[in-house]
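Numbered according to mature numbering (1 follows the signal peptide of the UniProt record, and there is no 0), the sequence shown spans residues -18 to -1, 1 to 311. Here is the structure we will look at.
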Amino acid sequence: MQLILLTVLLCWICQVTSDPTTKTEWQLFKQQYTKHYDTTEDEYRRIIWEDNKRYTEKHNAEAAAGLHTYTMGLNSYSDMKHEEFVKIMMGLKISANPIPGKPFVPTVEVGRLPDTMNWTALGYVTEVGNQGQCGSCWAFSVIGALEGQWFRAQKKLVRLSVQDLMDCSTSVGNEGCEGGFIDKSYKFIRDNHGIDTWKSYPYDAKNEKCRFNNDTIGATCRGYTDIKKGNEDDLYVAVGSIGPVAVAIDAYQESFSMYKSGVYDEPKCTTTRLSHTLLVTGYGKYKGKEYWLAKNSWGTSWGMNGYIMMSRNKNNQCGIASLASYPFV
Ligand SMILES: *[C@@H]1O[C@H](CO)[C@@H](O)[C@H](O)[C@H]1NC(C)=O
Ligand SMILES: *[C@@H]1O[C@H](CO)[C@@H](O)[C@H](O)[C@H]1NC(C)=O
């Protein structure tokens, strides 16, 4: 039995290898993302990459036929198995006893808000980050929300240190690349009387010893506001009038890891299995579909230069409003 399997596998490998176009593409992929593998791993990674390539091509053919509202594409993670990707790239912890934030109270009527919002265009958002092989999404999201509110208050965009938050907030239960809490992170920054700038405390994609320096603080935080769980109307008012909002989502679907463009719409997404965090930076309508514009922290090879359009007003799809918050400064 094993021998048969092995023979089948080997034949399949030689078939793949014998296709020169594919071989060149694999070389290009490795070059593009500076990947270096020994012979054994190279074969293993190429097979995974091939699988992912076929998966995206099938999806895009269906999308072209009008069956999907979004496309998929290969990115720097396309030689990782989905299980492997999920294990490394997420990292949101959910508090069993959350520290309650200030409840969000809408102060603007929905009808008075603009139909389209894009805080990146208004200067509230720093460049797209890249977690690397580290589950630090939670820190990117909290820092992104604080950068936005700091800009709103100070009219100055300061890139803040994700690594500082990762390294120095272990006392509240955060575990760096192994994951962290949104609520506890705001509390940490408040009690720490600030967070360093990215420039003074750059990102290393690994757990390190805390080296916070209070001479290079970039922003402070007085607390945070909670959007009512699952309420997309309140999220709309917050994003439409306050600034970028940190959100948690169910990102377990393979389609999410290979998202490229268009409005992401995944019926398999749940509102409760929250695994990953994003920064909602706007909203709008694209080809008749309402979307939340969100910044991810998987580099610019993923999605629309690192951004995604998530379905909006589709029953809180992927839990986009299940755990949404922003700090006040
Ligand atoms: C948002 O604004 C940025 C910066 O101007 C721009 O690059 C991006 O395309 C805009 N996104 C959308 C969805 O309009
Ligand atoms: C910075 O830290 C030093 C040494 O711990 C302390 O004396 C000083 O008051 C702190 N400054 C600020 C602005 O918190």
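Each residue gets a CB set at the ideal place from its N, CA and C atoms; glycine is no exception.
Flag this pair as yes or no: are the beta carbons of residue i and residue j separated by less than 8 Å?
| i | j | result |
| --- | --- | --- |
| residue 156 | residue 166 | yes |
| residue 194 | residue 232 | no |
| residue 102 | residue 245 | no |
| residue 58 | residue 15 | yes |
| residue 161 | residue 75 | yes |
| residue 200 | residue 140 | yes |
| residue 34 | residue 286 | no |
| residue 289 | residue 275 | yes |
| residue 110 | residue 282 | yes |
| residue 224 | residue 169 | no |
| residue 68 | residue 234 | yes |
| residue 143 | residue 208 | no |
| residue 277 | residue 73 | no |
| residue 159 | residue 309 | no |
| residue 261 | residue 228 | yes |
Quick one: grab the DSSP three-state call for residue i.
| i | result |
| --- | --- |
| residue 261 | strand |
| residue 153 | helix |
| residue 22 | helix |
| residue 33 | helix |
| residue 91 | coil |
| residue 42 | helix |
| residue -5 | Note on residue -5: pLDDT 49, under 50, position unreliable in the model; the coordinate value appears next. It is helical. |
| residue 250 | coil |
| residue 187 | coil |
| residue 74 | strand |
| residue 293 | strand |
| residue 80 | coil |
| residue 171 | helix |
| residue 166 | helix |
| residue 1 | coil |
| residue 54 | strand |
| residue 8 | helix |
| residue 69 | helix |
| residue 62 | coil |
| residue 285 | coil |
| residue 270 | coil |
Drop a sphere of 10 angstroms on the beta-carbon of residue i, count the other beta-carbons inside from all chains shown, and report buried for 16 or more, exposed for fewer.
| i | result |
| --- | --- |
| residue 215 | exposed |
| residue 313 | Beyond the ends of the chain as shown, which are -18 and 311, falls residue 313; an answer cannot be given. |
| residue 36 | exposed |
| residue 13 | exposed |
| residue 242 | buried |
| residue 129 | buried |
| residue 26 | exposed |
| residue 299 | buried |
| residue 135 | exposed |
| residue 22 | exposed |
| residue 93 | exposed |
| residue 90 | exposed |
| residue 320 | Missing from the structure shown is residue 320; the chain here goes from -18 to 311 and no further. |
| residue 217 | buried |
| residue 226 | buried |
- Query: At which residue ranges does the stretch 194 to 244 contain complete beta strand (DSSP E) runs of 3 or more residues, listed in the order of the chain?
  - Reply: For the stretch 194 to 244, the continuous beta strand (DSSP E) assignments of 3+ residues that do not extend past its boundaries occur at 199 to 201, 205 to 208 and 227 to 231, in sequence order.
| field | Environment of ligand 1 in chain order, Cβ to heavy atom below 6 Å | value | Having a Cβ closer than 6 Å to some heavy atom of ligand 1 are 100, 102, 103 and 275.
**Prompt:** Residue ranges of each alpha helix (DSSP H) run of no fewer than 4 residues wholly in the stretch 87 to 146, ordered along the chain?
**Reply:** Runs found: 119 to 136.
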